[in-house]
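Heads up: the sequence lines are chains C and R, in that order. Using this note's numbering, the letters of the first sequence correspond one by one to residues 1 to 272. Using this note's numbering, the letters of the second sequence correspond one by one to residues 1001 to 1249.
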Amino acid sequence: MKKTNFAKFILSINGISRNVRMQIIKFFVYLGGLTSLFAKTIFWIFIPPLRKWQTLEQMARIGVASSPIVLLISFFTGMVLALQSAYQMQKVSAEMYIASLVALSLTRELGPVLTALIVAGRCGASITAEVGTMKVTEQIDALETLSANPIKYLVVPRFIALVVMLPLLTIYSDFFGIIGGYVIGVGKLNIAHSMYVKMTYEPLALKDVMTGLIKSFSFAVIICLISCFEGMNADEGAEGVGRATTSSVVRSFIMIIIVDCFLTALFYFVMR
Amino acid sequence: MIELIDISKKLEGNQVLDKLNLKIETGESMVIIGRSGCGKSVLLKHIIGLMRPDSGRVLVDGRDITDMNSKELNALRSNFGMLFQGAALFDSLSVLENVGFRHIEYTNENINEIQKKVAECLSMVGLEGVERLKPAALSGGMKKRVGLARAIAMNPRIILFDEPTTGLDPIMGDIINDLIRSLHEKLNITSITVTHDMKSAYKIADRIAMLYDKRIIALGTPEEIQNSTDPIVKQFITGAAKGPITNGA
Chain C
1 MKKTNFAKFI LSINGISRNV RMQIIKFFVY LGGLTSLFAK TIFWIFIPPL
51 RKWQTLEQMA RIGVASSPIV LLISFFTGMV LALQSAYQMQ KVSAEMYIAS
101 LVALSLTREL GPVLTALIVA GRCGASITAE VGTMKVTEQI DALETLSANP
151 IKYLVVPRFI ALVVMLPLLT IYSDFFGIIG GYVIGVGKLN IAHSMYVKMT
201 YEPLALKDVM TGLIKSFSFA VIICLISCFE GMNADEGAEG VGRATTSSVV
251 RSFIMIIIVD CFLTALFYFV MR
Chain R
1001 MIELIDISKK LEGNQVLDKL NLKIETGESM VIIGRSGCGK SVLLKHIIGL
1051 MRPDSGRVLV DGRDITDMNS KELNALRSNF GMLFQGAALF DSLSVLENVG
1101 FRHIEYTNEN INEIQKKVAE CLSMVGLEGV ERLKPAALSG GMKKRVGLAR
1151 AIAMNPRIIL FDEPTTGLDP IMGDIINDLI RSLHEKLNIT SITVTHDMKS
1201 AYKIADRIAM LYDKRIIALG TPEEIQNSTD PIVKQFITGA AKGPITNGA
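Okay, structure coming up:
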């Protein structure tokens, strides 16, 4: 009897480990697919003609159309950040450091990450749905039969638009986040205007903004690759496109957070 | 001439084509018939290089397309036009941009010349004044016609039709059949059609090939297929519910 239970236990361990092995293999296959798509995208960027109108259209869709929501979220995040830090800072009479804390957290961390999450949710999902629909309605096959490379035609304009617009949106988000913090700092916590401005810009070095921009550039690459890859591999039918869209958003979010953690550690140890 | 030699293809673990052989002569209208899901569209995609076989060769005018790189394949595809099952028009482009896609992308022609050529192609399929419309504003039959106009826009030598009458009412289906036949004769092209619509097959075909159980099991003129004594062919062309196909014989 004992032997049977032990055999069952071994079998279940074996089953679990096989499952884990399969998941690891799937992960590396997925990563391989993304790497291959990245290499092909970089290759096709340098093959003329540059589809400038399509790229500008994507820039408008990704950058300009996302700006109201980025403004709203970063402004309120700046306000919340100021209020939450005031909760602790007031205890040690260090309210004037609220401005520095808001500015540094926004430019180094929250600005790039929040903007990337907004763009991944808003534009990444839309890219996957669009490309996925093209895949299941054979429009991607039609492109190939018309001698047009789908990566050149579909991925490259979105890639350029994202790597240009996401860092710009991040700067925009940093600015409005700082304004949000200012509204609370000066309006509610009675910090003097000149003091708030001084304490915002004095500790802020170029490298703080640059690390944020390097992060947002990396996030742009992640969003574009995942959303296009998921769309191009969508299963048949509306259900397949829906699944691909959900998967695109979830995987982009996870990758953004993982890469953010990795880059933050890198900047912490390398650029101190 | 197009030759498919010992083509085998497995999709998601299922053998779809198994050592399939078929020869399509230049200038003929070949119709491939078979049940839904038997691999007709897969076969068509092998001819234009959208899919590569697991084994076997696809020869177009003596050149093997299975080992061509993407540049060679793209050059070869300029000889092809294809009408997809759902027309596969690009949603974000107008009818003018869809039909004139290759002209806009690969030639230096000005917009007036392109407009003129697009209008000519549209009039060949019986459409006028729809250049500015988006595909979403077109009916199913109009979409197929625009797809057909796009397929003939660069004067291809070979046109592939994937289920050209599926989803259309019988009258529109017959109009599309007439169009395919008249374009085939007018433009002197090789056309390959996959369909399970026997009325369409008899009207379009010079020769009919039947795909069953991963291979071509019958090949002949429409009359020969109609008079075939093969019980599988007989059941399929008569559309009988009972017979060797449904009994798994």
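C-beta: ideal position from N, C-alpha, C; glycine also. This one's a predicted model, so the numbers in the text were calculated from it and none came from an experiment.
Evaluate residue i with the Cβ neighbour count: other Cβ atoms within 10 Å of its Cβ, from every protein chain shown; 16 or more gives buried, anything less gives exposed.
{"i": "residue 145 of chain C", "result": "buried"}
{"i": "residue 18 of chain C", "result": "exposed"}
{"i": "residue 206 of chain C", "result": "exposed"}
{"i": "residue 72 of chain C", "result": "exposed"}
{"i": "residue 39 of chain C", "result": "exposed"}
{"i": "residue 251 of chain C", "result": "buried"}
{"i": "residue 266 of chain C", "result": "exposed"}
{"i": "residue 1045 of chain R", "result": "buried"}
{"i": "residue 1177 of chain R", "result": "buried"}
{"i": "residue 1063 of chain R", "result": "exposed"}
{"i": "residue 1162 of chain R", "result": "buried"}
{"i": "residue 173 of chain C", "result": "buried"}
{"i": "residue 152 of chain C", "result": "buried"}
{"i": "residue 1151 of chain R", "result": "buried"}
{"i": "residue 1067 of chain R", "result": "exposed"}
{"i": "residue 1212 of chain R", "result": "buried"}
{"i": "residue 1186 of chain R", "result": "exposed"}
{"i": "residue 1040 of chain R", "result": "buried"}
{"i": "residue 271 of chain C", "result": "exposed"}
{"i": "residue 1249 of chain R", "result": "Low per-residue confidence applies at residue 1249 of chain R: pLDDT is 46, beneath 50, and the placement is therefore not dependable, though the value from the model is reported in the following sentence. Exposed is the call here."}
Please tell me whether residue i and residue j are closer than 8 Å, where the distance is taken between their beta carbons.
{"i": "residue 1192 of chain R", "j": "residue 1024 of chain R", "result": "yes"}
{"i": "residue 1043 of chain R", "j": "residue 1032 of chain R", "result": "yes"}
{"i": "residue 229 of chain C", "j": "residue 34 of chain C", "result": "yes"}
{"i": "residue 1190 of chain R", "j": "residue 1037 of chain R", "result": "no"}
{"i": "residue 178 of chain C", "j": "residue 106 of chain C", "result": "yes"}
{"i": "residue 79 of chain C", "j": "residue 181 of chain C", "result": "yes"}
{"i": "residue 1122 of chain R", "j": "residue 1149 of chain R", "result": "yes"}
{"i": "residue 1153 of chain R", "j": "residue 1100 of chain R", "result": "yes"}
{"i": "residue 170 of chain C", "j": "residue 111 of chain C", "result": "yes"}
{"i": "residue 248 of chain C", "j": "residue 226 of chain C", "result": "yes"}
{"i": "residue 1328 of chain R", "j": "residue 1179 of chain R", "result": "There is simply no residue 1328 of chain R to check, as chain R begins at 1001 and stops at 1249 in what is shown."}
{"i": "residue 235 of chain C", "j": "residue 104 of chain C", "result": "no"}
Run through DSSP, which three-state label would residue i get?
{"i": "residue 16 of chain C", "result": "helix"}
{"i": "residue 1003 of chain R", "result": "strand"}
{"i": "residue 1221 of chain R", "result": "coil"}
{"i": "residue 1174 of chain R", "result": "helix"}
{"i": "residue 285 of chain C", "result": "Examination of residue 285 of chain C is not possible in this model, given that chain C is present from 1 through 272 alone."}
{"i": "residue 1195 of chain R", "result": "strand"}
{"i": "residue 270 of chain C", "result": "helix"}
{"i": "residue 1188 of chain R", "result": "coil"}
{"i": "residue 1210 of chain R", "result": "strand"}
{"i": "residue 219 of chain C", "result": "helix"}
{"i": "residue 1056 of chain R", "result": "strand"}
{"i": "residue 260 of chain C", "result": "helix"}
{"i": "residue 1125 of chain R", "result": "coil"}
{"i": "residue 1081 of chain R", "result": "strand"}
{"i": "residue 105 of chain C", "result": "helix"}
{"i": "residue 46 of chain C", "result": "coil"}
{"i": "residue 156 of chain C", "result": "helix"}
{"i": "residue 1130 of chain R", "result": "coil"}
{"i": "residue 1074 of chain R", "result": "helix"}
{"i": "residue 1245 of chain R", "result": "coil"}
{"i": "residue 1090 of chain R", "result": "coil"}
{"i": "residue 1180 of chain R", "result": "helix"}
{"i": "residue 255 of chain C", "result": "helix"}
{"i": "residue 1168 of chain R", "result": "coil"}
{"i": "residue 91 of chain C", "result": "helix"}
Please tell me whether, using a cut-off of 7 Å, the distance from the CB of residue i to the nearest non-hydrogen atom of the ligand HEM is below it.
{"i": "residue 29 of chain C", "result": "The ligand HEM is absent from the structure shown, which contains no ligand whatsoever."}
Give the residues from the region 1159-1178 of chain R that approach chain C closer than 7 Å (Cβ to any Cβ), ordered along the chain.
none
If the cut-off is 8 Å on Cβ atoms, which residues from the region 1182-1204 of chain R count as contacting chain C, listed in chain order?
none
Segment contact flag, the region 1070-1078 of chain R with the region 133-149 of chain C, C-beta cutoff 8 Å, min 3 pairs
yes
Using 8 Å as the Cβ pair cut-off and three pairs as the minimum, do the region 1088-1097 of chain R and the region 1132-1150 of chain R touch?
By the Cβ test, the region 1088-1097 of chain R is in contact with the region 1132-1150 of chain R, since at least three Cβ pairs between them sit closer than 8 Å.
For the 8 Å Cβ check, are there 3 or more pairs between the region 206-222 of chain C and the region 256-264 of chain C?
These segments touch.
Using a Cβ-Cβ cut-off of less than 9 Å, give me the residues of the region 1018-1050 of chain R that come near chain C, in sequence order.
1045, 1048, 1049 and 1050
Cβ contact check for the region 1156-1175 of chain R and the region 1103-1115 of chain R: 3 or more pairs under 8 Å:
No, the region 1156-1175 of chain R is not in contact with the region 1103-1115 of chain R.
May I ask you to verify whether the region 155-169 of chain C touches the region 51-69 of chain C, counting CB pairs closer than 8 Å and requiring at least 3?
Taking 8 Å as the limit for Cβ pairs, the verdict is that the region 51-69 of chain C does touch the region 155-169 of chain C.
Taking beta-carbon pairs under 7 Å, can you tell me which members of the region 1126-1155 of chain R lie near chain C?
none
Which residues of the region 131-148 of chain C have a Cβ closer than 7 Å to any Cβ of chain R? Give them in chain order.
Result list: 137, 138, 139, 141, 142, 144, 145, 146, 147 and 148.
Could you name the residues of the region 1214-1228 of chain R whose beta carbon sits closer than 9 Å to any beta carbon of chain C, in the order they occur along the chain?
none
Would you be able to state if there are at least three C-beta pairs under 8 Å between the region 1221-1237 of chain R and the region 1194-1211 of chain R?
yes
Below 9 Å between beta carbons is the criterion; list the residues of the region 1104-1124 of chain R that meet it against any residue of chain C, in chain order.
1105 and 1106
Would you call the region 227-244 of chain C in contact with the region 123-138 of chain C, where contact means no fewer than 3 C-beta pairs closer than 8 Å?
yes
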